[in-house]
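Chemist: Sequential numbering of the sequence shown, starting at 225, is according to my numbering.
Where a beta carbon is used, it is the ideal one built from N, C-alpha and C, also for glycine.
Owing to the predicted nature of the structure, the values given are computational and were not obtained by experimental measurement.
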Amino acid sequence: MLKKWVFRLGSDPKLSLKRFLRGLALFVLAVIFIAIGYYGPALFQLIGLAILAVALFFAGWGYLGIFANRFAQVLERSSPKNHDPDLWK
225 MLKKWVFRLG
235 SDPKLSLKRF
245 LRGLALFVLA
255 VIFIAIGYYG
265 PALFQLIGLA
275 ILAVALFFAG
285 WGYLGIFANR
295 FAQVLERSSP
305 KNHDPDLWK
């Protein structure tokens, strides 16, 4: 079951990279809002924290997809292609 989930999650590495980069961009935006809120109204900090939660979700989801893709490649290489017990054929 875990192997199936890993293969499904890592099936589209371009989409995973896109999700990760969106999360990274949202993270930068959240840091900007938090910095503006430090010098200005505190409402900007709250908006920054809300954006930060969304950013961490997308970056984590994308990173998990990238990791699953790499792990699926390892699982694919380690699984026996032709399991034949007769070695002297």
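Let me make sure I understand the geometry here. Which of R246, L245 and P237 has the alpha-carbon closest to that of F291?
Modeler: Position 67 of the sequence shown, counted from the first residue, corresponds to residue 291. That would be P237, whose Cα lies nearest to the Cα of F291.
Chemist: Do the CB positions of V230 and A296 come within less than 7 Å of each other?
Modeler: Reading the sequence shown from its first residue, position 6 is the one you call residue 230. Reading the sequence shown from its first residue, position 72 is the one you call residue 296. Contact: yes.
Chemist: Go to S240, then tell me how far its alpha helix (DSSP H) extends in each direction, as first and last residue.
Modeler: As a first step, residue 240 must be located in the sequence shown, where it is residue number 16. It spans P237 to Y263 - the alpha helix (DSSP H) in which S240 sits, taken as one unbroken run.
Chemist: Tell me the DSSP secondary structure of G234 in three-state form.
Modeler: Translated into the one-based positions of the sequence shown, residue 234 becomes position 10. Coil.
Chemist: Whose C-alpha, out of S235, R243, M225 and L233, is nearest the C-alpha of G286?
Modeler: The count along the sequence shown starts at 1 and reaches residue 286 at position 62. Ranking the options by Cα distance to G286, first place goes to R243.
Chemist: One question on the structure: do F268 and G261 come within less than 7 Å of each other, judged by their Cβ atoms?
Modeler: Counting from one through the sequence shown, the residue named residue 268 turns up at place 44. Counting from one through the sequence shown, the residue named residue 261 turns up at place 37. Yes, the pair counts as a contact, with Cβ atoms nearer than the cut-off.
Chemist: Apart from the five residues on each side of it in sequence, which residues of its chain come closer than 7 Å, Cβ to Cβ, to N293?
Modeler: In the sequence shown, residue 293 corresponds to position 69, counting from 1. Around N293: G234, P237 and S240.
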